[in-house]
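Q: Every position in the sequence shown, counted from 1, becomes a number in our numbering once 501 is added.
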Amino acid sequence: MIIGLDIGTSSTKAVAFDLKGKVLAIQSISYPILNPLEGHYEQDPEVIFKACIESIARVMNELQDPYKMLKPVCVSVSSAMHGLIAVDESGSPLTNCIIWADRRSEDIANGLKTNEEGRILYQQIGTPIHPMTLLCKLIWMKSCDEKVFIRSHKFIGIKEFLFYRLFGIYVVDHSIASATGLFDIHKLVWSDLALNLAGISAEQLSAPVPIDYVLTLQNRNTAASMRIPEGTTFVIGGSDGCLANLGVGAIEPGVASVTVGTSGAIRVASSLPNPEQKQRLFSYLLRPNEYIIGGAVNNGGVLRNWFRNTFLNESTIKIKDEDFTHFLNEMIDSVAPGSEGLIFLPYITGERAPHWNSNAKGVYFGIQLHHTSAHFARAMMEGMLFAIYSVGIALEENTGSIQKIYVSGGLARSQNLIQMLADIFNKPVFIKDTVESSAWGAALIGMEALGITLKQPLEEYTAADITDDNEQMYEPNKQNHAVYLKNFKQFQRLYDKLEDEF
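(1) DSSP on Ile530, reduced to helix/strand/coil?
(2) Closer than 6 Å by C-beta to Ile953: which residues in its own chain qualify, once you throw out the five before and the five after it? Chain order, please.
(3) Along the chain, where does the alpha helix (DSSP H) that runs through Gly765 open and close?
(4) If you reduce the DSSP assignment to three classes, tell me which class Val836 lands in.
(5) Quick one, which of Asn775, Thr900, His583 and Tyr985 has its alpha-carbon nearest Ile657's?
(6) Name the residue from Leu564, Ser529, Lys998 and Phe662 whose alpha carbon lies nearest to the alpha carbon of Glu555.
(7) Enumerated in chain order, which unbroken segments of the beta strand (DSSP E) with a length of 3 residues or greater are wholly contained in the region 713–796?
(8) Quick one: grab the DSSP three-state call for Leu506.
(9) Helix, strand or coil for Ser909 per DSSP?
(10) Residue range of the alpha helix (DSSP H) that Ile659 falls in?
(11) Using a Cβ-Cβ cut-off of 7 Å (strictly less than) and excluding sequence neighbours within five positions of Gly509, which residues of its own chain qualify?
(12) Residues in its own chain within less than 8 Å of Tyr792 by CB, not counting five upstream and five downstream?
(13) Suppose contacts are defined by Cβ-Cβ distances below 7 Å. Is Pro847 in contact with Ala888 by that definition?
(14) Measure the beta-carbon distance from Ser531 to Gly748 and round it to whole angstroms, keeping in mind my assumption that it falls under 8 Å.
(15) Three or more C-beta pairs under 8 Å: does that hold for the region 599–619 against the region 632–640?
(16) Compute the distance between the beta-carbons of Phe845 and Arg666, then report whether it is under 7 Å.
(17) By Cβ distance, which residues of its chain are closer than 6 Å to Ile527, with the 5 residues on each side in sequence left out?
(18) Check whether the Cβ atoms of Met832 and Ala875 sit closer than 7 Å, and answer yes or no.
(19) For Glu547 and Val560, what's the separation of their Cα atoms in angstroms?
(20) Of the choices Arg853, Thr734 and Phe828, whose alpha-carbon is the least far from that of Arg781?
(21) Note down, in chain order, each residue of its chain lying with its Cβ closer than 8 Å to the Cβ of Thr826, except the 5 sequence neighbours on either side.
(22) Which residue wins for smallest C-alpha separation from Glu753, given the options Gly739, Arg768 and Ala703?
(23) One question on the structure: do Pro629 and Ala678 come within less than 7 Å of each other, judged by their Cβ atoms?
(24) Could you tell me how far apart the beta carbons of Ala895 and Gly796 are, in whole angstroms, since I believe they sit closer than 8 Å?
(25) Any idea what DSSP makes of Tyr865, helix, strand or coil?
(26) On the CB-based measure, 16 or more other CB atoms within 10 Å of its CB, does Pro632 come out buried or exposed?
(27) Relative to the C-alpha of Gln993, which residue among Leu886, Pro533, Ala587 and Thr733 is closest?
(28) Under 8 Å Cβ to Cβ from Lys979, same chain only, skipping five residues before and after it: list those, please.
(29) Which whole-angstrom value is the C-beta distance of Ala943 and Ser577, which I expect to be below 8 Å?
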């Protein structure tokens, strides 16, 4: 048995797998996003640390016979990217974790990405220059929160915070490091150019290590709090995005992974980083000579929650998530594809790929008397998928044609949305019964790190090999695609016309 620990934006999940990928137990602990000022988005690192410990303990408690007596061969960790925590010499946080959605450094990012220095830097780091990156957040902190900046001993992310608390050292995996905007993805060291811009030294960051880096938990009390044995192995793992590709088997040419949780992303694997001049896509490192190329959109599941809390009545707001999903699906199904001309630009929290415009805003366009709340619901979801489609177009321009798509995250629990994705992309979309792709990707890295023998080398695995779960395929509807394509072209024109107004 192996535990994949997935530290996400909205929750931390601990998933116990057998060595073929069967889920034996799963526990999830949610926590809030804090919004102390306009454009500031943070989370309490202590709350997330406790969620990590408690989710592992709960998953150990949940194991049923005949698995109840099993102990994990290791805990391997997946984590969200782009978080920044300033800590003092004792490792105590001086700030909350400033997360990917934070926009306080948008003026810095806008200035840097358009000058020659920014263009050179993008070729080194592979991450578009944007307020999400630690680079821009650090430049902001140096200018606008100088007292904290000067007091800070280290600048770390949430997984580094967890590993420091467990093991007393500061280490960061190459996968997370490559998303900071500070890491040279070619030399696998912190970029001198980025460090100079941020005004810090490499010693103020964690030591970069491969994703199969192993540590042993020696603290008896901490082990007991997680209900795992003292001496349990921890594998550092990677970022949630890179591991999601690995977890669904999207590591072959022409195979894309789409993940939608709070935000969303589409990614493909490549043996080379992507050097495109338009700076639309990221190149995150999974392992040496193995890159995950793609783009993330800000507005995924956050749209669903916004629509629920803003447009629906109080009784609907309070129903359970699974009941609300059924309710929303019924609304969407009552309206024909294309939402009868209603189009939604989904940028309610700004946007990352492909525009990297933190000033972008949400827009409903084409409202007429016959449009109902159901039209608004369907247009909202179509707009979210259009945003992902626009990243997919940029991907195909740079990495070749996408032949099929694997889906994971919250999107994978809605048949309506999976079919909409297939119709919009005009590609077959696949989903497995187990959709915890980042946790399973972490588990696969854990197995690799410990030398657990698989029936074939990990890089040769396809999604069909990874688990015994059934795989469902959704074929695209060409008539629906034609309707969506017409709306999508208008969606693109609307963004271009409104960009200056944003």
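Here a beta-carbon is modelled for each residue, glycine too, at the ideal position from N, C-alpha and C.
This structure is a prediction, so every number in the text was calculated from the model and none was measured.
A: Here's the rundown:
(1) Taking the sequence shown and counting its residues from 1, one reaches residue 530 at position 29. Strand, per DSSP.
(2) As a working mapping, residue 953 is identified with position 452 in the sequence shown. Excluding residues within five positions, none has a Cβ falling inside 6 Å.
(3) In the sequence shown, counting from the first residue as 1, residue 765 sits at position 264. Premise fails: Gly765 lies in the beta strand (DSSP E), Gly765 to Ser771, not in any alpha helix (DSSP H).
(4) On the sequence shown, position 335 is the one that residue 836 refers to. Correct three-state label for Val836: coil.
(5) As a position in the sequence shown, residue 657 is number 156, starting the count at 1. In terms of CA proximity to Ile657, His583 leads the group Asn775, Thr900, His583 and Tyr985.
(6) Translated into the one-based positions of the sequence shown, residue 555 becomes position 54. Comparing Cα positions, the closest option is Ser529.
(7) 715–717, 734–740, 756–761, 765–771 and 783–788
(8) Start at 1 with the first residue of the sequence shown, and residue 506 comes out as number 5. Three-state DSSP puts Leu506 in a strand.
(9) Counting from one through the sequence shown, the residue named residue 909 turns up at place 408. Of the three classes helix, strand and coil, the one that applies to Ser909 here is strand, per DSSP.
(10) By one-based count along the sequence shown, residue 659 stands at place 158. Where Ile659 is concerned, the enclosing alpha helix (DSSP H) stretches over Ile659 to Phe668.
(11) Residue mapping note: residue 509 aligns to position 8 of the sequence shown, counting from 1. Residues Ala581, Asp741 and Gly762 of the same chain have their beta carbon placed closer than 7 Å to that of Gly509, with the five preceding and five following residues left out of the count.
(12) Taking the sequence shown and counting its residues from 1, one reaches residue 792 at position 291. The answer, listed in chain order, is Gly627, Ile686, Ala770, Ser771, Ser772, Leu773, Pro774, Asn775, Ser784, Tyr785 and Leu786.
(13) Your numbering for residue 847 matches position 346 in the sequence shown. Your numbering for residue 888 matches position 387 in the sequence shown. A contact, by the Cβ cut-off of 7 Å.
(14) If you number the sequence shown from 1, residue 531 lands on position 30. If you number the sequence shown from 1, residue 748 lands on position 247. Actually they are not in contact, since the Cβ atoms of Ser531 and Gly748 sit about 21 Å apart, beyond 8 Å.
(15) yes
(16) Walking along the sequence shown from the start, residue 845 turns up at place 344. Walking along the sequence shown from the start, residue 666 turns up at place 165. Not in contact: Phe845 and Arg666 (Cβ atoms no closer than 7 Å).
(17) Position 26 of the sequence shown, counted from the first residue, corresponds to residue 527. If we look at Ile527 and ignore the five residues flanking it on each side, its Cβ neighbours are Val516.
(18) Here residue 832 corresponds to residue number 331 of the sequence shown, with the count starting at 1. Here residue 875 corresponds to residue number 374 of the sequence shown, with the count starting at 1. It is a contact, given that the beta carbons lie within the stated cut-off.
(19) Indexing the sequence shown from 1 puts residue 547 at position 46. Indexing the sequence shown from 1 puts residue 560 at position 59. When rounded, the separation of the alpha-carbon atoms in Glu547 and Val560 is 20 Å.
(20) As a position in the sequence shown, residue 781 is number 280, starting the count at 1. Minimum Cα-Cα distance from Arg781 among the listed residues Arg853, Thr734 and Phe828 corresponds to Arg853.
(21) Counting from 1 along the sequence shown, the entry for residue 826 is found at position 325. Excluding sequence neighbours, Thr826 sits near Arg914 and Ser915.
(22) Walking along the sequence shown from the start, residue 753 turns up at place 252. Taking only the C-alpha atoms, the option nearest Glu753 is Arg768.
(23) Here residue 629 corresponds to residue number 128 of the sequence shown, with the count starting at 1. Here residue 678 corresponds to residue number 177 of the sequence shown, with the count starting at 1. The answer is no: Cβ separation not under 7 Å.
(24) Within the sequence shown, the letter at position 394 stands for residue 895. Within the sequence shown, the letter at position 295 stands for residue 796. Contact holds; Cβ gap of about 7 Å.
(25) Position 364 of the sequence shown, counting from 1, holds the residue named residue 865. Reduced to three states, the DSSP call for Tyr865 is strand.
(26) Here residue 632 is taken as the residue at index 131 of the sequence shown, counted from 1. Pro632 comes out buried.
(27) Residue numbering aside, residue 993 sits at position 492 when the sequence shown is read from its first letter. Taking only the C-alpha atoms, the option nearest Gln993 is Leu886.
(28) By one-based count along the sequence shown, residue 979 stands at place 478. Result list for Lys979: Asn927, in chain order.
(29) Here residue 943 corresponds to residue number 442 of the sequence shown, with the count starting at 1. Here residue 577 corresponds to residue number 76 of the sequence shown, with the count starting at 1. Yes, they are in contact, since the Cβ atoms of Ala943 and Ser577 sit about 4 Å apart, within 8 Å.
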